[in-house]
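Residue 264 in UniProt numbering sits at position 264 of the sequence shown, with consecutive numbering throughout. Using N, Cα and C, we set each Cβ at its ideal position, and we do this for glycine too. Everything below concerns the one structure shown next.
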Amino acid sequence: AAARGCGGVWHQVCQRGAGGPSLAPRGQRAFTCNARGGAVPAGKSGLAPWVPVVGLEIHAQISSNSKLFSGSQVQFAAPPNSLVSFFDASLPGTLPVLNRRCVEAAVMTGLALNCSINKKSLFDRKHYYYADLPAGYQITQQRVPIAVNGSLSYSLCIDNKMSRMVTKTVRIKQIQLEQDSGKSLHDDTRSQTLIDLNRAGVGLMEVVMEPDMRCGEEAAAAVRELQLILQTLGSSQAVMAEGQLRVDANVSVHRPGEPYGVRTEVKNINSIRFLAKAVDYEIQRQIEELENGGTILNETRAFDSKLGCTIPIRDKEGKQDYRFMPEPNLPPLILYNAKSLPANMNHQQVVNIDWIHERLPDLPSVKRAKLVEQYGILPEHSFTLVNEDGLTEFFENVVKQTQMKPSKAIGWILNDLLSYLKQHSLTVKESLVSSFLLADLLNLLEKKEISSTAAKQVLAELWKGEGKTPLEIVKEKKLELIQNQEELEQICQAVIDGQENEVIMMVLE
Numbered sequence: 001a002a003a004r005g006c007g008g009v010w011h012q013v014c015q016r017g018a019g020g021p022s023l024a025p026r027g028q029r030a031f032t033c034n035a036r037g038g039a040v041p042a043g044k045s046g047l048a049p050w051v052p053v054v055g056l057e058i059h060a061q062i063s064s065n066s067k068l069f070s071g072s073q074v075q076f077a078a079p080p081n082s083l084v085s086f087f088d089a090s091l092p093g094t095l096p097v098l099n100r101r102c103v104e105a106a107v108m109t110g111l112a113l114n115c116s117i118n119k120k121s122l123f124d125r126k127h128y129y130y131a132d133l134p135a136g137y138q139i140t141q142q143r144v145p146i147a148v149n150g151s152l153s154y155s156l157c158i159d160n161k162m163s164r165m166v167t168k169t170v171r172i173k174q175i176q177l178e179q180d181s182g183k184s185l186h187d188d189t190r191s192q193t194l195i196d197l198n199r200a201g202v203g204l205m206e207v208v209m210e211p212d213m214r215c216g217e218e219a220a221a222a223v224r225e226l227q228l229i230l231q232t233l234g235s236s237q238a239v240m241a242e243g244q245l246r247v248d249a250n251v252s253v254h255r256p257g258e259p260y261g262v263r264t265e266v267k268n269i270n271s272i273r274f275l276a277k278a279v280d281y282e283i284q285r286q287i288e289e290l291e292n293g294g295t296i297l298n299e300t301r302a303f304d305s306k307l308g309c310t311i312p313i314r315d316k317e318g319k320q321d322y323r324f325m326p327e328p329n330l331p332p333l334i335l336y337n338a339k340s341l342p343a344n345m346n347h348q349q350v351v352n353i354d355w356i357h358e359r360l361p362d363l364p365s366v367k368r369a370k371l372v373e374q375y376g377i378l379p380e381h382s383f384t385l386v387n388e389d390g391l392t393e394f395f396e397n398v399v400k401q402t403q404m405k406p407s408k409a410i411g412w413i414l415n416d417l418l419s420y421l422k423q424h425s426l427t428v429k430e431s432l433v434s435s436f437l438l439a440d441l442l443n444l445l446e447k448k449e450i451s452s453t454a455a456k457q458v459l460a461e462l463w464k465g466e467g468k469t470p471l472e473i474v475k476e477k478k479l480e481l482i483q484n485q486e487e488l489e490q491i492c493q494a495v496i497d498g499q500e501n502e503v504i505m506m507v508l509e
């Protein structure tokens, strides 16, 4: 990796709103990601600047109780090879049986991404040899996928400011159903590779994004929006830490007006933050290579999160022949809409596109717009509410139970509650302060029974989880604001009477 220019001292190039800090090796020139017009790298020559091109292939694990073509259960971190059917192990004579839930999830995702749903799609075999692919081929949809020609809109911060945002759109080429492979676990101590087939045959949706992005920040923002959509639909849990959302990034650079350059593929990126870093590093590496008179190889690379760079893993110059062929054991997948559905057909045995479309939930973009319109909060606050799982519901519950204006209450949720949860690595659902308790506290503050400083003290006590109400804590700590004018005058007079000498000295001065 060091020989490829990955070693040495690292310095921060820019702060990424979507992907965290982006780093570049010393000696490489940084590029800027302009939210208004894409990335414009700085070149050392007098030629026109370089134009980066980024396309993505995202594999999302379908949220289903069983696998795509077998009845085996799907469960993360189950004991090795405990969830393997005869079909998953490719025993002779076993046949695939398509999981209806996986088809519905793909249709739902396609509709949410503005795709055209193919009423007739086909399955194919993609041949390649891996030890964790016992059949020697993967069942996928190469020729006619289930959904095509969609789009995804996502938002970017301008100059890293949440208050200044721009919306961009990336085209979706296609969504295809396919089965996952197993896992190869390498044991270096014993010089052996172990195979776990629990994941073999798990249903995947491959979402192919056109090369419409120009930097790591754009790629990260697009994937984050897709992740939110999948989680909202329930078509995938999309937890990257569990391998439920894996990203392959195709990166190239070229001069304006020239054809696209040779691309490299960075495989299996399992973090949005790492995606931004990997794409930005690869853009910088290619520019450096070309400006030094080198050439870019059409190769597959991996991102080393410790070094912060990409490293080659295999050469793609000799293009692999996957020998695609129609899957002989699966008929065409036929979908229906309200018009094409035969009257005598059992509705429980078909997938109705219109029925699924009618039941689509509000997507993240719609949720954000409704929050801004209904509660009068800032657009940037709506992004935070929607991005954090369960935070929108928490906010709405607080608003229902408090007399404080939503635009004021949200500050307590985002600044005080959320910061505490982040510090202690807690989710909203794990919060010791319920929406009821926070609303109770905000009511005391709104009625001017306590000060803002006292409210923060009460909130700190609530985090201890001792079962006390805000009012009980206020009384116990004597944090009430005194509203009676006569009582205030008596307290002030008592202080003055107890400090007569000091008062006289102040008057004389």
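Alpha carbon to alpha carbon, what distance is there between residue j and residue i?
{"i": "residue 29", "j": "residue 291", "result": "Interpretation of residue 29 is limited by its pLDDT of 43, a score under 50 that renders its predicted location unreliable; no figure is taken from the coordinates."}
{"i": "residue 154", "j": "residue 228", "result": "11 Å"}
{"i": "residue 69", "j": "residue 239", "result": "22 Å"}
{"i": "residue 515", "j": "residue 205", "result": "Look at the range of the chain in this structure, 1 to 509, and you will see that residue 515 is not part of it."}
{"i": "residue 138", "j": "residue 90", "result": "11 Å"}
{"i": "residue 353", "j": "residue 112", "result": "12 Å"}
{"i": "residue 196", "j": "residue 77", "result": "11 Å"}
{"i": "residue 148", "j": "residue 116", "result": "5 Å"}
{"i": "residue 202", "j": "residue 74", "result": "7 Å"}
{"i": "residue 288", "j": "residue 167", "result": "30 Å"}
{"i": "residue 93", "j": "residue 81", "result": "20 Å"}
{"i": "residue 454", "j": "residue 472", "result": "13 Å"}
{"i": "residue 308", "j": "residue 275", "result": "11 Å"}
{"i": "residue 52", "j": "residue 295", "result": "16 Å"}
{"i": "residue 255", "j": "residue 50", "result": "5 Å"}
{"i": "residue 360", "j": "residue 235", "result": "11 Å"}
{"i": "residue 132", "j": "residue 420", "result": "43 Å"}
{"i": "residue 109", "j": "residue 230", "result": "7 Å"}
How would you label residue i, buried or exposed, when you count the other beta carbons within 10 angstroms and need 16 or more for buried?
{"i": "residue 497", "result": "exposed"}
{"i": "residue 399", "result": "buried"}
{"i": "residue 368", "result": "buried"}
{"i": "residue 495", "result": "exposed"}
{"i": "residue 214", "result": "buried"}
{"i": "residue 88", "result": "buried"}
{"i": "residue 212", "result": "buried"}
{"i": "residue 481", "result": "exposed"}
{"i": "residue 106", "result": "buried"}
{"i": "residue 61", "result": "buried"}
{"i": "residue 124", "result": "buried"}
{"i": "residue 281", "result": "buried"}
{"i": "residue 55", "result": "buried"}
{"i": "residue 157", "result": "buried"}
Does any C-beta atom of chain D lie closer than 8 Å to the C-beta of residue i?
{"i": "residue 93", "result": "Reference to chain D is not applicable here, since this structure consists of a single protein chain."}
Got a sec? Which residues, its chain only, sit under 8 Å from residue i by beta carbon, not counting five neighbours each side?
{"i": "residue 416", "result": "456 and 459"}
{"i": "residue 246", "result": "58, 59, 240, 268, 269 and 270"}
{"i": "residue 71", "result": "85 and 97"}
{"i": "residue 278", "result": "216, 249, 266, 269, 303 and 310"}
Could you have a look at residue i and say whether DSSP puts it in helix, strand or coil?
{"i": "residue 449", "result": "coil"}
{"i": "residue 176", "result": "strand"}
{"i": "residue 196", "result": "strand"}
{"i": "residue 495", "result": "helix"}
{"i": "residue 475", "result": "helix"}
{"i": "residue 458", "result": "helix"}
{"i": "residue 425", "result": "coil"}
{"i": "residue 287", "result": "helix"}
{"i": "residue 147", "result": "strand"}
{"i": "residue 482", "result": "coil"}
{"i": "residue 277", "result": "helix"}
{"i": "residue 303", "result": "strand"}
{"i": "residue 185", "result": "strand"}
{"i": "residue 440", "result": "helix"}
{"i": "residue 353", "result": "helix"}
{"i": "residue 155", "result": "strand"}
{"i": "residue 116", "result": "strand"}
{"i": "residue 366", "result": "helix"}
{"i": "residue 435", "result": "helix"}
Between which residues of its own chain and residue i is the CB-CB distance below 7 Å, once the five residues before and five after are set aside?
{"i": "residue 403", "result": "443 and 446"}
{"i": "residue 104", "result": "351 and 356"}
{"i": "residue 389", "result": "427 and 428"}
By Cβ distance, which residues of its chain are closer than 6 Å to residue i, with the 5 residues on each side in sequence left out?
{"i": "residue 199", "result": "180, 182 and 183"}
{"i": "residue 375", "result": "406"}
{"i": "residue 490", "result": "none"}
{"i": "residue 435", "result": "394, 397 and 398"}
{"i": "residue 242", "result": "76"}
| message | Threshold first: 4 residues or longer. Then list the alpha helix (DSSP H) segments lying entirely within the segment 214-275, N to C. | response | 216-233
| message | For a minimum of 3 consecutive residues, which ranges assigned as the beta strand (DSSP E) are wholly contained in the segment 43-110? | response | 51-61
| request: Tell me the start and end of each unbroken alpha helix (DSSP H) in the segment 369-425 that is at least 4 residues and wholly inside, in chain order. | output: 379-387, 391-401, 406-411 and 418-423
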